[in-house]
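A.B. asks: Starting off with a structure, shown below.
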Amino acid sequence: DAKTTQPPSMDCAEGRAANLPCNHSTISGNEYVYWYRQIHSQGPQYIIHGLKNNETNEMASLIITEDRKSSTLILPHATLRDTAVYYCIVPSRRGGTSYGKLTFGQGTILTVHP
Amino acid sequence: DGGITQSPKYLFRKEGQNVTLSCEQNLNHDAMYWYRQDPGQGLRLIYYSQIVNDFQKGDIAEGYSVSREKKESFPLTVTSAQKNPTAFYLCASSHRGAGNTIYFGEGSWLTVV
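Residue numbers (the working numbering), protein chains in the order written: chain A, 1 to 114; chain B, 115 to 227.
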């Protein structure tokens with residue numbers, strides 16, 4: 001997997017936007033960036049993914065820099081239930097086809113406070 | 115509801131016993147995976163299967179076995195050869211091919227006493 005670097009922790013006030021950065025400077029041209037989050041004792045939840053263009057869904061927005069070496073996950077209006085560990089992942093590829101190995105690092109612990 | 119179902123959620127076993135964790139998906143996904151997570155750590159891949167009747171070892175396959183007789187099912191057996199089996203086990207699935215999202219079940223806690 002392309003190595004990713006995330007800050008270990010971040011705080012955010014409820015109702016404000018949470019901006020979570022990720023560096024992936026060794027990403028290849030055909031590799032996607034995925035974001036997941038995990039609440040304690042639950043399975044990781046898929047949030048969003050992208051290749052080159054910015055993406056938005058009902059949960060979040062993903063901003064990818066033009067050189068693709070970094071990205072930012074944006075939760076536009078954070079709630080207390082968004083408190084979780086957020087993982088930025090660039091999955092392994094083998095022979096041009098992803099075989100699904102997701103390398104979860106330490107992620108960013110996001111704490112949303114009232 | 116469509117999704118990935120793992121059972122049981124919590125399991126206690128005596129040391130030396132084999133135990134099988136169930137994983138069923140109704141998402142029509144070809145690929146399925148098993149991960150292990152230790153407290154405060156990231157996920158590590160145990161086994162994965164891209165198609166029925168075929169599976170591959172991941173990074174930490176020793177002491178584990180799997181089968182893939184049906185598309186919907188990918189059970190994991192934790193054998194007595196696994197030295198530290200107490201962990202949180204996560205099953206996942208996806209369509210095959212590049213860029214396909216992997217979805218996870220809710221996990222199974224295995225405690226060996």
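Note that the Cβ used here is the ideal one computed from N, Cα and C, for glycine as well.
The structure presented is a predicted model; accordingly, all values stated were derived computationally and were not measured.
Just confirm the distance between the C-beta atoms of leucine 73/A and isoleucine 47/A, as a whole number of angstroms; I'd bet it's less than 8 Å.
C.D. replies: About 7 Å; that satisfies the 8 Å criterion.
A.B. asks: Short check: CB of glycine 177/B to CB of alanine 195/B, under 9 Å?
C.D. replies: Yes, the pair counts as a contact, with Cβ atoms nearer than the cut-off.
A.B. asks: Report the residue from Pro44/A, Thr26/A, Val33/A and Ala78/A whose alpha carbon sits nearest the alpha carbon of valine 85/A.
C.D. replies: Nearest option by C-alpha distance: Pro44/A.
A.B. asks: With DSSP run on the structure shown, which of helix, strand or coil describes leucine 51/A?
C.D. replies: It is coil, neither helix nor strand.
A.B. asks: Helix, strand or coil for aspartate 152/B, going by three-state DSSP, please let me know.
C.D. replies: If DSSP states are grouped into helix, strand and coil, aspartate 152/B belongs with coil.
A.B. asks: For isoleucine 74/A, list the residues DSSP reports as bridge partners.
C.D. replies: Beta-bridge pairing links isoleucine 74/A to Asn19/A and Ser61/A.
A.B. asks: Is any beta-carbon of chain B found at less than 9 Å from that of serine 41/A?
C.D. replies: Yes, serine 41/A counts as interfacial toward chain B.
A.B. asks: At a CB distance below 7 Å, what residues from the region 189-210 of chain B approach chain A? Give them in sequence order.
C.D. replies: Under the 7 Å Cβ criterion, the region 189-210 of chain B contributes Leu204 and Ser208.
A.B. asks: Do the region 5-17 of chain A and the region 128-140 of chain B meet, that is, are 3 or more Cβ pairs less than 8 Å apart?
C.D. replies: No, the region 5-17 of chain A does not touch the region 128-140 of chain B.
A.B. asks: Helix, strand or coil for aspartate 82/A, going by three-state DSSP, please let me know.
C.D. replies: Note: aspartate 82/A maps to helix in three-state DSSP.
A.B. asks: Within 9 Å (strictly less), CB to CB, does isoleucine 165/B reach chain A?
C.D. replies: It does not; no Cβ of chain A falls within 9 Å.
A.B. asks: Could you please give the first and the last residue of the uninterrupted beta strand (DSSP E) stretch that includes glutamine 170/B?
C.D. replies: Run containing glutamine 170/B: 168-171, per the beta strand (DSSP E) assignment.
A.B. asks: If you follow the beta strand (DSSP E) that threonine 191/B is in, where does it begin and where does it stop?
C.D. replies: Per DSSP, threonine 191/B belongs to the beta strand (DSSP E) from 190-192.
A.B. asks: How long is the line joining the alpha carbons of glutamate 58/A and leucine 75/A, rounded to whole angstroms?
C.D. replies: Their Cα atoms are separated by approximately 10 Å.
A.B. asks: Let's test the definition: count the other Cβ atoms within 10 Å of the Cβ of isoleucine 39/A and tell me whether it reaches 16, buried, or not, exposed.
C.D. replies: Classification of isoleucine 39/A: exposed, given that the 10 Å Cβ count is below 16.
A.B. asks: Pick helix, strand or coil for leucine 125/B, following the three-state DSSP scheme.
C.D. replies: Leucine 125/B falls in the strand class under three-state DSSP.
A.B. asks: Does any C-beta atom of chain B lie closer than 9 Å to the C-beta of leucine 20/A?
C.D. replies: Closer than 9 Å: no.
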